[in-house]
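A.B. asks: Numbering (this note's numbering), first residue to last: 170 to 636. Glycine included, each C-beta is placed from N, C-alpha and C at the ideal position. In this text, all values refer to a predicted model and were calculated from it rather than measured experimentally. The structure is given below, and queries will be raised subsequently.
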Ligand SMILES: C[S@@+](CC[C@H](N)C(=O)[O-])C[C@H]1O[C@@H](n2cnc3c(N)ncnc32)[C@H](O)[C@@H]1O
């Protein structure tokens, strides 16, 4: 084979390997995955493939940045108990709904009541705009006819007695709030429509909600069909703890997780995806905790005083090169990776020896420099007694991501964001014990081995001495 032929064969194999994980044109809204839009959602096909490849026989799956729960849904339909956490309360609520099975009789009755209610309920006379904690200028974000209808929907939802049915309605309501608001729908951040679009914008709130209930009911039916194969339903527990700070033992025991399937944020929400802004209006209407404070709490939201130490040579060199151009930006970037590293350190301890960590990550550009998050994840886990199994590549075909972002935070200064994702697979060594002391990592298997070696030497010596 000639060199050029060899090269094209290699190129073709790479393209095929990328294709395998790209899932171009696949439907990503089957089952309860249809419930609610969300920024940078993982596509179900990736979670499915990861569980099939690395989670055979798994009993417990964990997603530490579960968002709307894509990997959790894929876990439960395979009979695996799942645990998720996300510090965006709206995301947690959606994940909870997507893994719940409300009683169909009660649900269908409630949908019927809802349709009656929509036709019969009388408009509420509002003397002044209502106060919704978390939305300071309600009339800026919603037209008054929309506010009045949303209020009526909220009153109806509050009358529903069954917790799971009420949750089902709240999720449809949440998307209705976002879509009937004056926010541009093609943006995750809160940007108001321009005057011309706003003048013509007259959403039909009730039919929006009604269509969402119908769509979600269909998705739920398919989900229920799959779940009916299990005598004992797998459990889904969704929390709001922050793995950067630790993992509460009462929720997840050390060495208890078979597989982690997750997609962490690409960077801080200020310069990448603003999950908090996306969720703010719905979260406020739903009465969730501190809707305006979410983005600050998310990974990378807290600036470190100085560039922290990180166990990844490639990442550290990249941050140094950014620092030469802009030291403040380098500190912001390093603060994000510091938290990601702390989170990995905690997650590494709850995975069983032999268990897998599957991270779907993107390598974004800052100041023209690509940040090697895939390598960083590999290095962080490797320093904690994990081995690298594989890194799969995929092209992001239609993920609604800002294709350009503003990394300098200056209007008009735009930079391409990534269109490729990396799926990094790490496996905890069977003998590896994860422990950290002042950012020095010990794989105690090595220590054990050296102790064993010492013992052998002592034995040999004593034999020789005897001779
Ligand atoms: C890429 S999204 C995950 C999307 C999810 N896989 C899905 O399919 O919907 C990343 C998530 O990480 C969450 N997040 C950011 N920082 C976090 C932290 N410190 N702890 C837990 N979740 C965090 C965000 O709220 C966001 O929902």
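Can you give me the start and stop residues for the beta strand (DSSP E) that residue 560 sits inside?
C.D. replies: 555–564
A.B. asks: Suppose only complete runs of 3+ residues qualify. What are the beta strand (DSSP E) ranges in the segment 358–441, listed by chain order?
C.D. replies: Whole beta strand (DSSP E) segments, 3+ residues: 405–408, 426–431.
A.B. asks: Determine whether the beta carbon atoms of residue 591 and residue 532 lie at a separation below 8 Å.
C.D. replies: yes
A.B. asks: Just confirm the distance between the C-beta atoms of residue 526 and residue 595, as a whole number of angstroms; I'd bet it's less than 8 Å.
C.D. replies: 4 Å
A.B. asks: Just how far apart, CA to CA, sit residue 348 and residue 599?
C.D. replies: 49 Å
A.B. asks: What's the gap between the Cα of residue 270 and the Cα of residue 379?
C.D. replies: Rounded to whole angstroms, residue 270 to residue 379 spans 20 Å at the Cα level.
A.B. asks: Consult DSSP for residue 460 and reduce its assignment to one of helix, strand or coil.
C.D. replies: helix
A.B. asks: Just to check my reading of the structure: residue 407 and residue 235 have Cβ atoms closer than 8 Å, yes? What is that Cβ distance to the nearest angstrom?
C.D. replies: 7 Å
A.B. asks: Considering only the alpha carbon of each residue, which of 511, 224, 369, 303 lies closest to residue 250?
C.D. replies: 224
A.B. asks: Three-state secondary structure (DSSP) at residue 528?
C.D. replies: DSSP places residue 528 in strand when its eight states are reduced to three.
A.B. asks: Using the rule of at least 16 other Cβ atoms within 10 Å of the residue's Cβ for burial, across every protein chain shown, is residue 188 buried or exposed?
C.D. replies: exposed
A.B. asks: Any heavy atom of ligand 1 closer than 7 Å to the Cβ of residue 235?
C.D. replies: yes
A.B. asks: Apart from the five residues on each side of it in sequence, which residues of its chain come closer than 8 Å, Cβ to Cβ, to residue 388?
C.D. replies: For residue 388, where only same-chain residues beyond five positions count, the Cβ hits under 8 Å are 198, 199, 200, 201, 202, 203, 204.
A.B. asks: Considering Cα atoms alone, identify which of 229, 247, 186 is closest to residue 213.
C.D. replies: Closest in alpha carbon position to residue 213, among 229, 247, 186, is 247.
A.B. asks: At what residue ranges does the segment 192–226 contain a whole run of the alpha helix (DSSP H), taking only runs of 4 or more?
C.D. replies: 213–223
A.B. asks: Which residues share a DSSP beta bridge with residue 253?
C.D. replies: 232, 407
A.B. asks: Mind checking whether the beta-carbon of residue 434 lies closer than 7 Å to any heavy atom of ligand 1?
C.D. replies: yes
A.B. asks: Quick check on DSSP: helix, strand or coil for residue 521?
C.D. replies: Reduced to three states, the DSSP call for residue 521 is strand.
A.B. asks: Please report the distance separating the alpha-carbon of residue 563 from that of residue 182.
C.D. replies: Straight-line Cα distance between these residues: approximately 13 Å.
A.B. asks: State the beta-bridge partners of residue 594 as determined by DSSP.
C.D. replies: 527, 559
A.B. asks: Could I get the ranges of all uninterrupted beta strand (DSSP E) runs contained in the segment 466–509, with 3 residues as the minimum, in chain order?
C.D. replies: none
A.B. asks: Is it true that the segment 532–550 meets the segment 442–461, where meeting means three or more beta-carbon pairs spaced less than 8 Å apart?
C.D. replies: Taking 8 Å as the limit for Cβ pairs, the verdict is that the segment 442–461 does not touch the segment 532–550.
A.B. asks: So, are the CB atoms of residue 511 and residue 423 less than 8 Å apart?
C.D. replies: no
A.B. asks: Can you name, in chain order, every residue of its own chain whose Cβ lies under 8 Å from the Cβ of residue 606, other than the five neighbours on each side?
C.D. replies: Residue placement at residue 606 cannot be trusted, given a pLDDT of 44 that sits under 50; what the coordinates show is reported in the next sentence. Here the set comprises nothing.
A.B. asks: Please report the distance separating the alpha-carbon of residue 409 from that of residue 468.
C.D. replies: 13 Å
A.B. asks: So, for residue 120: in the same chain, excluding its five sequence neighbours on each side, which residues have a beta-carbon less than 8 Å away from its beta-carbon?
C.D. replies: Lying before the first or after the last residue shown, residue 120 is absent from the chain, which here runs from 170 to 636.
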